[in-house]
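Per this note's numbering, residue 18 is the first one in the sequence shown, and the count goes up by one each step. Virtual Cβ for every residue (Gly too), placed ideally from N, Cα, C. Being a predicted model, the structure only gives us computed values, none of them experimental. Working notes for the structure below.
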Amino acid sequence: MTEQADAATLTIALDRADPEPGYVQIYAQIRELILAGRVAPGSRLPSTRALAAETGVSRTTTLAAYDQLTAEGYLENRVGAGAFVSRDLPDTVLAAPPAGRVPSPAGTSPAPAKVDPPWTRPRTFDPGIADRDAFPLDEWTRSLLRSHRALDRATLFGRGTGGFEPLREAIAGHLRAMRGFDCAAGQVIVTSGAQEAVALLARVLLRPGDTVWMEDPGYGAVRRAFSVLGARVACIPVDGEGFDLEQALASAPGARLAFVTPSRHYPLGMTMPLARRLALIDWARSEGAWVIEDDFDSEYRYRGRPLASLMSLAGDRGVVYLGSFSKVMFQNLRLSWLVAPPALARDLVRAQADIGAQVSIVAQPALADFIATGRFAAHIRRMRRLYAARQSHLVAEVARLADDLLDVAPQDGGMHLIARPKPALARRMSDREASERARDAGLTIVPLSGFYAGEAAEQGFLLGYAGVPEAEITAGIERLAGCLR
Ligand SMILES: Cc1ncc(COP(=O)(O)O)c(C=O)c1O
18 MTEQADAATL TIALDRADPE PGYVQIYAQI RELILAGRVA PGSRLPSTRA LAAETGVSRT
78 TTLAAYDQLT AEGYLENRVG AGAFVSRDLP DTVLAAPPAG RVPSPAGTSP APAKVDPPWT
138 RPRTFDPGIA DRDAFPLDEW TRSLLRSHRA LDRATLFGRG TGGFEPLREA IAGHLRAMRG
198 FDCAAGQVIV TSGAQEAVAL LARVLLRPGD TVWMEDPGYG AVRRAFSVLG ARVACIPVDG
258 EGFDLEQALA SAPGARLAFV TPSRHYPLGM TMPLARRLAL IDWARSEGAW VIEDDFDSEY
318 RYRGRPLASL MSLAGDRGVV YLGSFSKVMF QNLRLSWLVA PPALARDLVR AQADIGAQVS
378 IVAQPALADF IATGRFAAHI RRMRRLYAAR QSHLVAEVAR LADDLLDVAP QDGGMHLIAR
438 PKPALARRMS DREASERARD AGLTIVPLSG FYAGEAAEQG FLLGYAGVPE AEITAGIERL
498 AGCLR
């Protein structure tokens with residue numbers, strides 16, 4: 018073994034040119050020293066304050082690194098005495114060569130023996146990410162195995178457009194139960210995400226230069242996709258009731274298509290009232306235009322009854338409905354769907370054949386099985402309870418720990434809340450600056466200004482809570498308040 022260093026005087030050097038955040042660099046260096054046996058189990062680490070002073074970073078950064086190492090079992094904290102290299106590190110870990118320098122976010126890996134997957138961004142407050150620990154992986158694996166064994170070769174070797182028939186039927190059943198509208202399986206088209214849906218719709222419904230209305234702020238990925246496909250995207254400022262048809266007609270008349278999130282505006286969260294829904298449908302019918310209803314996470318509603326979807330109000334004319342499994346299953350599944358009136362659905366399936374089907378057959382039968390056996394609905398019910406509790410916890414913790422900095426109001430559903438800076442904070446820094454500081458402390462705080470097409474009308478942050486356990490929410494808000502003060 019190499020000579021052991023005194024852990025209390027570790028030399029940690031930060032590389033300012035390295036794109037990794039400061040806390041990841043500190044985390045990785047201490048982890049490597051431990052794994053290489055350079056610091057002995059039981060030895061004491063410098064205080065977070067001393068290490069911060071020595072390395073020229075904020076204490077929030079060193080705290081985040083220590084939290085991560087503690088969560089993964091490399092360090093243990095003794096009250097009043099500081100942080101120590103864990104005495105319980107298994108021999109296998111100590112003998113192993115240093116693994117990749119990439120941590121998973123705090124609290125996610127129970128044992129240090131695990132080699133973490135490549136670094137993504139920390140999950141604390143990352144919006145739109147479902148809870149990974151609560152996902153019933155065993156049940157999903159059983160659905161995968163069972164359904165794959167039952168597949169016939171004709172299905173594997175046949176044409177994939179439209180989607181796997183039993184999955185289309187299962188989605189139609191899910192919509193009947195959850196969203197109260199009836200559609201035939203032939204109206205459901207399985208896609209690989211919102212971008213594929215946009216590509217199909219643009220191909221069938223738009224000519225180059227046609228105007229598409231989008232909400233501002235809104236979903237940037239779709240805005241960019243329409244632009245790349247040759248549409249003229251007009252971003253219409255939303256008000257307290259969401260998309261405003263009057264304003265759209267006044268500022269960008271003659272649109273062929275409106276892309277809206279009426280159930281819960283993305284990212285602000287308001288619900289479009291019935292009068293506006295009916296007006297939009299009327300507009301589409303009288304102009305021969307289309308409303309695209311993006312209903313990407315309406316399964317997560319915690320209070321009150323959902324308003325009828327545009328699709329259920331419009332019947333067979335004027336509306337295309339988009340849904341996704343990214344929020345209720347996991348986003349790398351890459352499975353979503355659209356529902357269109359029958360004639361348009363046939364055209365869209367032809368367009369899918371033209372572009373080339375993008376969805377693999379492998380996961381579709383598993384998902385059909387997962388839905389048909391009731392596991393999907395049970396998972397949604399469990400996640401609803403979990404996320405509702407997390408949302409309440411987040412609201413309470415912001416009020417308790419960051420009341421001088423942020424305002425957060427509860428919402429009826431969703432996976433994130435909007436935190437608005439109080440005037441004193443807003444005067445000191447922009448939401449982008451604040452999110453960079455938070456990033457160095459291991460938090461993903463997405464700035465609201467990034468959702469605007471042009472100049473932001475409002476500053477704020479998205480605080481995702483769905484994938485963040487309550488203890489991590491508390492620690493995250495403490496850390497965030499530290500960075501912002
Ligand atoms: C507003 C909105 N619509 C739709 C989606 C669906 O995404 P996917 O392409 O993963 O199905 C998302 C996912 O983040 C979203 O935020």
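Within 8 Å, strictly: CB atoms of residue i and residue j
i              : j              : result
proline 279    : arginine 294   : yes
leucine 339    : aspartate 312  : yes
isoleucine 388 : threonine 172  : no
valine 376     : valine 207     : yes
serine 103     : leucine 92     : yes
alanine 265    : tryptophan 230 : yes
valine 356     : valine 308     : no
isoleucine 43  : threonine 78   : yes
aspartate 457  : glycine 39     : yes
isoleucine 146 : alanine 483    : yes
alanine 272    : alanine 306    : yes
aspartate 429  : arginine 320   : yes
leucine 508    : leucine 297    : An answer regarding residue 508 cannot be provided, because it is not within the stretch 18 to 502 covered by the chain.
methionine 195 : glutamate 37   : no
glutamine 204  : alanine 331    : no
arginine 185   : alanine 211    : no
glycine 179    : valine 463     : no
methionine 289 : glycine 257    : no
Straight-line gap, residue i to residue j (C-alpha atoms, nearest Å)
i                 : j                 : result
arginine 449      : arginine 193      : 41 Å
alanine 406       : valine 412        : 10 Å
glutamate 71      : leucine 418       : 28 Å
glycine 247       : valine 255        : 24 Å
phenylalanine 152 : valine 485        : 13 Å
alanine 368       : asparagine 349    : 24 Å
glycine 477       : aspartate 143     : 14 Å
aspartate 35      : phenylalanine 174 : 47 Å
aspartate 299     : aspartate 420     : 44 Å
arginine 55       : serine 164        : 50 Å
leucine 423       : proline 358       : 45 Å
arginine 502      : isoleucine 29     : 26 Å
isoleucine 47     : arginine 401      : 39 Å
serine 329        : arginine 159      : 34 Å
glycine 467       : leucine 68        : 34 Å
arginine 33       : alanine 82        : 16 Å
arginine 149      : phenylalanine 347 : 8 Å
leucine 31        : histidine 282     : 41 Å
serine 409        : proline 427       : 7 Å
valine 96         : tryptophan 354    : 52 Å
valine 344        : alanine 98        : With the sequence shown as reference, residue 344 is identified as lysine, and valine is not the correct amino acid for it. C-alpha separation (whole angstroms): 42 Å.
alanine 214       : phenylalanine 342 : 14 Å
leucine 465       : proline 234       : 8 Å
alanine 370       : leucine 403       : 40 Å
Collapsed DSSP secondary structure at residue i in the structure displayed
i             : result
aspartate 386 : helix
glycine 226   : coil
serine 353    : strand
arginine 159  : helix
arginine 281  : coil
alanine 275   : strand
valine 412    : helix
alanine 100   : strand
alanine 436   : strand
arginine 76   : helix
aspartate 233 : strand
glycine 305   : coil
serine 268    : helix
proline 139   : coil
threonine 208 : strand
glycine 179   : coil
glutamate 310 : strand
cysteine 200  : coil
leucine 168   : coil
Residue i, buried or exposed, once every other Cβ within 10 Å from all chains shown has been counted against 16
i             : result
glutamate 414 : buried
leucine 460   : buried
leucine 162   : exposed
proline 225   : exposed
proline 440   : exposed
leucine 479   : buried
alanine 167   : exposed
cysteine 500  : buried
alanine 474   : exposed
arginine 140  : buried
Residue i: CB within 7 Å of a non-hydrogen atom of ligand 2
i           : result
alanine 455 : Absent from the structure shown: ligand 2. Ligands present: ligand 1.
Relative to ligand 1, what is the chain-ordered list of residues with a Cβ closer than 5 Å to any of its non-hydrogen atoms?
Cβ-based neighbours of ligand 1 within the cut-off: Gly145, Gly210, Ala211, Tyr236, Tyr283, Asp311, Phe313, Ser341, Ser343 and Ser353.
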